[in-house]
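Peer 1: Numbering (UniProt numbering), first residue to last: 1 to 158. The C-beta atom is built at its ideal place from N, Cα and C for all residues, glycine as well. Note that the structure is a prediction, hence the values are computed from the model and not measured. Structure in structure tokens, see below.
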Amino acid sequence: MLYLVYTFEATEYARRRLPEFWEWMRDRNEWFYAGLGMVQGTGWRIETSSSLLLIHHEVAFADDSGLAEYRAALAARGRDPAWEQRRLEQDRWYRIVRRGTHTSPPVPLDLPAAASRNGSRRDGRGRYLTGPRPRRALMNVDENPVDAARSQGEAAAG
């Protein structure tokens with residue numbers, strides 16, 4: 001996966017009007033990403049301090065061609081004066097302080113379930129799996145490991 005990542009800093013105007021800001025963000029998110037099928041998903045994280053509100057935003061694409069298609073679509077939309085005027089409303093609410101691209105690592109690097117916060121399992125894409133975790137029978141230390149494995153296999157088959 002390829003991720004376009006942004007960090008936005010909320011303006012003073014936005015910080016003084018937080019409920020209105022978050023409503024605007026929700027509406028803008030729906031409007032901005034409508035019809036952009038190459039976008040695999042978006043993510044949002046908030047970082048706050050006493051005087052700062054940072055919004056970390058991530059846009060996921062399957063590959064480089066998805067990102068190129070996205071950029072071309074935004075360039076085409078930007079030629080529409082009404083669309084561009086609405087896009088520029090963002091300047092009242094936040095400023096972009098950082099942008100870049102990230103990629104997924106070439107191998108899964110998730111924590112083992114035992115090390116995760118609640119023992120949840122994840123699939124190969126990092127999404128949490130639901131349902132109970134399969135349980136393994138405990139082996140008696142006096143048992144022969146081969147016999148124990150055989151008896152577990154017979155119990156599962158029966």
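#1: For I46, which residues in the same chain have their Cβ closer than 8 Å to its Cβ, ignoring the five residues on either side in sequence?
#2: Could you pull out every residue in the same chain whose Cβ sits closer than 6 Å to the Cβ of E58, ignoring the five residues on either side in sequence?
#3: Might you give, ordered along the chain, the residues of its own chain that have their beta carbon closer than 8 Å to the beta carbon of T7, omitting 5 neighbours on each side?
#4: So, helix, strand or coil for E84, using DSSP?
#5: Is G37 helix, strand or coil when you go by DSSP?
#6: What number of angstroms, rounded off, separates the C-alpha of E12 from the C-alpha of V107?
Peer 2: Per the coordinate set shown:
#1: Taking the sequence shown and counting its residues from 1, one reaches residue 46 at position 46. Within the same chain, I46 has close Cβ partners L53, L54, I55 and H56.
#2: Working through the sequence shown from its first residue, we reach residue 58 at position 58. The residues are Y3, V5 and G43.
#3: The sequence position of residue 7 within the sequence shown is 7, counting from 1. Counting only Cβ-Cβ distances below 8 Å, and skipping sequence neighbours, we find L54, I55, H56, H57, I96, V97, R98 and R99.
#4: Counting from 1 along the sequence shown, the entry for residue 84 is found at position 84. Looking at E84 - three-state DSSP - the assignment turns out to be helix.
#5: Along the sequence shown, read from residue 1 onward, the residue named residue 37 stands at position 37. In this structure, G37 counts as coil in the three-state DSSP scheme.
#6: Translated into positions along the sequence shown, residue 12 becomes position 12. Translated into positions along the sequence shown, residue 107 becomes position 107. Cα-Cα distance, rounded: 42 Å.
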